[in-house]
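S.K.:
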Amino acid sequence: TVSQESQCASCGLGHPDDSGRMDTDFLEAVKRHILNRLQMRERPNITHPIPKAAMVTALRKLHAGKVREDGRFEIPNLDGHAAHNEVQEETSEIISFAESDDVTPSKSSLYFLISNEGNQNLYVLQANLWLYFKLLPGTQEKGLRRKVTVRVHYYEPGGQNVHWPMMEKRVELKRSGWHTFPVSEAVREMLAKGGRRQDLDIHCDGCEAANVQPILVDPNDPSHRPFLVVHAQQADGKHRIRKR
Amino acid sequence: GLECDGTNGGLCCRQQFYIDFRLIGWNDWIIAPAGYYGNYCEGSCPAYLAGVPGSASSFHTAVVNQYRMRGMSPGSVNSCCIPTKLSTMSMLYFDDEYNIVKRDVPNMIVEECGCA
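Chains as they are written, first to last, in the working numbering: chain A, 5 to 248; chain B, 85 to 200.
(1) Are the CB atoms of Val221 of chain A and Ser104 of chain A nearer to each other than 7 angstroms?
(2) Determine whether the Cβ of Ser2 of chain A lies closer than 7 angstroms to any Cβ atom of chain B.
(3) When you compare the stretch 100–109 of chain B with the stretch 162–177 of chain B, are there three or more beta-carbon pairs, one atom per stretch, that lie closer than 8 angstroms?
(4) Could you tell me whether the Cβ of Arg98 of chain B comes closer than 7 angstroms to any Cβ of chain A?
(5) Could you pull the DSSP bridge partners for Trp110 of chain B from this structure?
(6) I'd like the list of long-range same chain contacts for Ala140 of chain B, defined as Cβ closer than 6 angstroms, with 5 residues on each side in sequence excluded.
(7) With the cut-off set at 7 angstroms, would you say Val156 of chain A and Phe137 of chain A are in Cβ contact?
(8) Could you tell me the alpha carbon to alpha carbon distance between Gln202 of chain A and Trp182 of chain A, rounded to whole angstroms?
(9) Would you call the stretch 42–59 of chain A and the stretch 212–219 of chain A in contact, with 3 or more CB pairs under 8 angstroms?
(10) Using the C-alpha atoms, what's the distance from Met59 of chain A back to Pro223 of chain A?
(11) Distance check for Gln237 of chain A and Arg179 of chain A, CA to CA, integer angstroms please.
(12) Taking Cβ to Cβ, would you say Gly94 of chain B is nearer than 7 angstroms to Gly127 of chain B?
(13) Within the stretch 169–206 of chain A, note down every full beta strand (DSSP E) run reaching 3 residues or more, in order along the chain.
(14) Would you call the CB atoms of Glu176 of chain A and Arg200 of chain A closer than 7 angstroms?
(15) Work out the CA separation of Tyr124 of chain B and Cys199 of chain B for me, nearest whole Å.
(16) Note the first and the last residue of the continuous beta strand (DSSP E) segment covering Lys65 of chain A.
(17) Are the beta-carbon atoms belonging to Val191 of chain A and Ala102 of chain A less than 7 angstroms from one another?
(18) How many angstroms separate the CA atom of Phe77 of chain A from the CA atom of Gly90 of chain B?
(19) In terms of residue numbering, what span does the beta strand (DSSP E) encompassing Arg150 of chain A cover?
(20) With a 10 Å radius around its C-beta and 16 neighbouring C-beta atoms as the bar for buried, classify Pro230 of chain A as buried or exposed.
(21) Expressed to the nearest angstrom, what Euclidean distance is found between the alpha-carbon atoms of Val71 of chain A and Val185 of chain B?
(22) Closer than 7 angstroms by C-beta to Lys173 of chain A: which residues in its own chain qualify, once you throw out the five before and the five after it? Chain order, please.
(23) Just the Cα atoms here: how many angstroms apart are Ser119 of chain A and Cys129 of chain B?
(24) CB-CB under 6 angstroms to His207 of chain A, same chain, minus the five flanking residues each way: which ones, in chain order?
(25) Considering only C-alpha positions, which residue in the set A:Arg41, A:Lys35 and A:Trp134 is nearest to Gly119 of chain B?
(26) Report the neighbours of Arg106 of chain B on chain A: residues whose CB is nearer than 9 angstroms to its CB, in chain order.
(27) Please confirm whether Gly122 of chain B has its beta-carbon closer than 7 angstroms to some beta-carbon of chain A.
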């Protein structure tokens, strides 16, 4: 009825004459809805794609992602419908790829760009740095375990080259492979200060003697580009929905 | 919940609306899924349908519905066709800084509609 139409936004839709315009309007509304829910003002401007090799490796390494042989992504629960409809907490996994520029002081330096812009009120549950260690020719044949110590420092770009120790980990290497380094605290602090750039310096004690090379930002080796995985969730507790 | 298939006489139902991200040029930043089910609710909600199905099991709703069927409406007469069941959607996409983000967004997909 007319009175229902005037008070109910969803009543009286679907007039055949307006179907074309309605589709366009709905399309725009849906686009805006998706951006709002992802807390973005506009769609990201993608001018240069991430090297596919780096992306494939990162997704392959994560429990959430599988990559099919044809290179397409097969993500469980990403057919548009999540498996658990009861999930109410908004969680995010952010994979950030390492970069290097003129500001980074040495070959062992790299940085990641992560911001809370567009991801407001994210609380970092866990952040791990992924580094690939390559056994150089002549080492693998021996089949020996090599023990090295990896130290991750952070520094402020443009500062007086002061490096602050972040973490230290003993790594045992039998073959070339990926290793993870927890950096949750540093990422939390960086985001809390409103920063967006995490500068790191990687030192490997014993790598040279063991004929081992940590792969940093190397354009010739995109498959082994370091990456940072941040697991986060919305920090704003008052909007959390609970099921009773 | 009814599906809008042209046979439900304009009653409150769920209209399926799928958007393929390739068609709107969003596949360069959204890695997965390939599209979005932007389903919505439409149709009329006669008085006797109010409260169905979301709260039909409530004793109070049953009593109120009896009043409505007899044309004696306590409180508001009008009811609205709204989503009564929503599901979470997981998305994998690039952000402004070329990071890959996987996000579980609750209440993104309309699964059922009803009068409330």
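Idealized CB from N, CA, C, for every residue including glycine.
M.R.: The structure says:
(1) yes
(2) Beyond the ends of chain A as shown, which are 5 and 248, falls residue 2 of chain A; an answer cannot be given.
(3) They do not touch, by the three-pair rule.
(4) no
(5) Beta-bridge pairing links Trp110 of chain B to no other residue.
(6) Here Ala140 of chain B scores only 43 on pLDDT, less than 50, and its place in the model is too uncertain to base an answer on.
(7) no
(8) Cα to Cα, Gln202 of chain A sits roughly 20 angstroms from Trp182 of chain A.
(9) no
(10) If I take the Cα positions, the gap works out to 14 angstroms.
(11) Looking at the two C-alpha atoms, the distance is approximately 35 angstroms.
(12) yes
(13) 181–186
(14) no
(15) 13 angstroms
(16) No beta strand (DSSP E) contains Lys65 of chain A, which is instead part of the alpha helix (DSSP H) from Lys56 to Lys65.
(17) no
(18) Note that Phe77 of chain A has pLDDT 46, beneath the 50 cutoff, so the model's placement of it is unreliable and no number is given.
(19) Arg150 to Tyr159
(20) When all chains shown are included, Pro230 of chain A counts as buried.
(21) For Val71 of chain A, the predicted model reports a pLDDT of 42, less than 50, meaning its position is unreliable; a value from the coordinates is still stated below. Each residue's Cα considered, the two are about 16 angstroms apart.
(22) Val154 and Phe185
(23) 45 angstroms
(24) Closer than 6 angstroms at Cβ, skipping near neighbours: Arg155.
(25) A:Lys35
(26) By Cβ distance, chain A contributes nothing, its closest Cβ being about 13 angstroms from Arg106 of chain B, past 9 angstroms.
(27) yes
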